[in-house]
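Report on the structure given below.
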Amino acid sequence: MGAWCVIHLRFEAALEDAFSAILEDLGSAGWESQPEPPRDVRVLAYWREPAPTGLIEQLRTRLETLAARMGAPAPAPPAAAAVPEEDWEASWRRHFGIERPVPGLVVHPSWISYEVRPEETAIVIDPKMAFGVGSHATTQLCLRLIQGACEGKRVLDVGTGTGILSIAAARWGACEVVAVEHDFVAVANALENVAANAAGERVRIIEGTVEDAPGVFDLAVANLLSSELIPVVGALTERLSLGGLLVVSGILTSEREAVASLLRSEGFVIETSEISGQWAALVARRAQTSITNPS
Ligand SMILES: C[S@@+](CC[C@H](N)C(=O)[O-])C[C@H]1O[C@@H](n2cnc3c(N)ncnc32)[C@H](O)[C@@H]1O
C-alpha cells in the first residue's frame, strides 16, 4: 500500500475554486489540476494514508451538492488509488514555487532560495499538510486587506494554516500576533514556518479556536469558509476592541450578503468588500459604541 492516497476527480472547471475549499475542509494535503477541454478539469487530490473513513462518499456528496447549487452538470464519481511516497514527494515539490501574492511580498518554500530585493519582504513557507502558500485567491485577499493595517497592532489570525498571514502581519509591523488553528497537523506546520522566519518573538501559535485567544485585538483576520466563520463570529466580536478591524475571506460571492448582514447585526460597519473569482472578502469595523438591547 502506498503512503499516500490520491483521489481522481473530474468536474466542470467553474466549480474548481469552490471545490478547493471542500478539499481543504476534508483535510487534503494538496491537489493538482489539469484542464480537460472543453469545460472540465481533472483533479488529483492527496491524503496521507490512512485516508479519512468515508472520504470518497463525502467527496461524492459534497461535489454533487456543489454542482447542483451552481447549476453545473453532475460530476464524475471520485475514484481512489494509492501512490508510492517518492512519487508524491517529487510531485508535491514540483507544485510549489515562488509566489508574489501581493506587491512587495515574496513567499517561497525553503528548498528554493530567493535573493530578496531591498523593496521586498520575503517569507519562507513549507506547506506540508496545511493550507496557505499565497497562491489561493482567499489568502491573497486577506494579505491585500491587512497589508497596510498591521503597524503597531495586536493581531488575531483565526485558522492560520501554514501561518502565512501571521508571519506576514509580523513582518508588516504588528506588535503581537496570536494565531489559532484547530487542526494539530497545521499547528505543527505553522510552528515550523514561524521558526523558519525567526518570527517567534511576535507570533504565538495556539492549537484551538477563537475562544482560546487571550486578550483583546485591534485587528482580526479569518480566512474561513462561511460555514466555519458564522459559528465563531460572536466570539470574534468579543475579542475585537471597539473600533477594531475584522477582515474575513473565504466567502463565496453568493454568500457575501448573508455574512455582511450577520456582521452588521453584531455591530460592525462594512468598510470594503473585494472579490476575486468566486471569492469575496469583507473589511468590517466594530462600531465605537457597543450596540445594546433597547429593552
Ligand atoms: C482556508 S485555510 C486558511 C489558511 C491561511 N490562514 C490562509 O489564509 O491561507 C483555513 C484554516 O482554518 C482552520 N480552521 C477552520 N475553522 C477553524 C476554527 N473555528 N478555529 C480554528 N481554526 C479553524 C482550518 O483547519 C484551516 O487550516
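Per our numbering: the sequence shown = residues 23 to 317.
We put the beta carbon where it would ideally sit given N, CA and C, even for glycine.
Please read these numbers as outputs of a predicted model, since none were measured by experiment.
Going by DSSP, what residues sit across from arginine 308 in a beta bridge?
-> As a first step, residue 308 is located in the sequence shown; it is residue number 286 there, counting from the start. Its beta-bridge partners are Phe290.
Nearest-angstrom Cα distance between alanine 217 and alanine 36?
-> One-based indexing of the sequence shown puts residue 217 at position 195. One-based indexing of the sequence shown puts residue 36 at position 14. Alanine 217 and alanine 36: Cα-Cα distance of roughly 38 Å.
How is the beta strand (DSSP E) around arginine 70 delimited, first residue to last?
-> Here residue 70 corresponds to residue number 48 of the sequence shown, with the count starting at 1. Arginine 70 -> beta strand (DSSP E) spans 62–70.
Whether aspartate 47 touches leucine 247 by CB criterion (8 Å) | Start at 1 with the first residue of the sequence shown, and residue 47 comes out as number 25. Start at 1 with the first residue of the sequence shown, and residue 247 comes out as number 225. The answer is yes: Cβ separation under 8 Å.
Does DSSP put threonine 161 in a helix, a strand or coil?
-> Here residue 161 refers to the residue found at position 139 of the sequence shown. If DSSP states are grouped into helix, strand and coil, threonine 161 belongs with the helices.
How would you write the range of the beta strand (DSSP E) that alanine 221 sits in, first residue to last?
-> On the sequence shown, position 199 is the one that residue 221 refers to. Per DSSP, alanine 221 belongs to no beta strand (DSSP E) and is neither H nor E.
C-beta contact flag for arginine 193 and threonine 143 at 8 Å | For the purposes of this step, residue 193 is taken as residue 171 along the sequence shown, with counting starting at 1. For the purposes of this step, residue 143 is taken as residue 121 along the sequence shown, with counting starting at 1. Result yes, Cβ atoms of arginine 193 and threonine 143 sit closer than 8 Å.
For phenylalanine 239, which of helix, strand or coil comes out of DSSP?
-> Numbered from 1 along the sequence shown, position 217 holds the residue referred to as residue 239. Looking at phenylalanine 239 - three-state DSSP - the assignment turns out to be strand.
Element boundaries [alpha helix (DSSP H), containing arginine 261] | Start at 1 with the first residue of the sequence shown, and residue 261 comes out as number 239. Segment 255–261, the alpha helix (DSSP H) holding arginine 261.
Look up glutamate 137 in the DSSP assignment and say whether it is helix, strand or coil.
-> Counting from 1 along the sequence shown, the entry for residue 137 is found at position 115. The answer is coil: DSSP assigns glutamate 137 none of H, G, I, E or B.
Measuring CB to CB, does asparagine 318 end up less than 8 Å from isoleucine 252?
-> The displayed coordinates of the chain run from 23 to 317. Any statement about residue 318 would go beyond what the structure contains.
Since alanine 95 contacts glutamate 34 with CB under 8 Å, what's their CB separation in whole angstroms?
-> Stepping through the sequence shown from its first residue, residue 95 is reached at position 73. Stepping through the sequence shown from its first residue, residue 34 is reached at position 12. The residue you asked about is not alanine; residue 95 is proline in the sequence shown. Sure, about 6 Å apart at Cβ, within 8 Å.
Over what stretch of residues does the alpha helix (DSSP H) that includes aspartate 179 continue unbroken?
-> Within the sequence shown, the letter at position 157 stands for residue 179. Annotation: aspartate 179 is outside any alpha helix (DSSP H); the continuous beta strand (DSSP E) that includes it extends over 176–180.
With 16 as the cutoff for other CB atoms within 10 Å, does cysteine 27 come out buried or exposed?
-> Position 5 of the sequence shown, counted from the start, is the residue given in the question as residue 27. Buried, by the Cβ-count rule.
Who are the Cβ neighbours of isoleucine 341 in its own chain at under 6 Å, not counting the five residues just before and after it?
-> Nothing can be reported for residue 341: it is not among the residues displayed for the chain, which extend from 23 to 317.
Below 8 Å, can you find three or more Cβ-Cβ pairs linking the region 216–230 to the region 197–206?
-> yes
Heavy atom of ligand 1 less than 7 Å from the Cβ of alanine 218, yes or no?
-> The residue given as residue 218 occupies position 196 in the sequence shown. No, Cβ of alanine 218 sits at least 7 Å from all heavy atoms of ligand 1.
Would the C-beta of aspartate 39 count as close to ligand 1, meaning under 7 Å from any of its heavy atoms?
-> Looking up residue 39 in the sequence shown gives position 17. False, no ligand heavy atom lies under 7 Å from that Cβ.
So, valine 124 versus leucine 165, is the Cβ gap smaller than 8 Å?
-> In the sequence shown, the residue the question calls residue 124 occupies position 102. In the sequence shown, the residue the question calls residue 165 occupies position 143. A contact, by the Cβ cut-off of 8 Å.
Please name the residue or residues paired with phenylalanine 33 in a DSSP beta bridge.
-> Numbered from 1 along the sequence shown, position 11 holds the residue referred to as residue 33. For phenylalanine 33, DSSP records a beta bridge to Val63.
Euclidean distance between Cα positions of glycine 24 and valine 200 | What you label residue 24 is simply residue 2 of the sequence shown in a count that begins at 1. What you label residue 200 is simply residue 178 of the sequence shown in a count that begins at 1. With a pLDDT of 47 at glycine 24, under the threshold of 50, the modelled position of this residue cannot be trusted, and the question is left open.
Among Ser42, Asp234, Cys197, which has the Cα closest to the Cα of alanine 221?
-> Along the sequence shown, one-based indexing puts residue 221 at 199. Measuring from the Cα of alanine 221, the nearest candidate turns out to be Cys197.
For glutamate 293, count neighbouring C-beta atoms within 10 Å of its own C-beta (all shown protein chains included) and say buried if the count is 16 or more, exposed if not.
-> As a position in the sequence shown, residue 293 is number 271, starting the count at 1. Around the Cβ of glutamate 293, a 10 Å sphere holds fewer than 16 other Cβ atoms; the residue is exposed.
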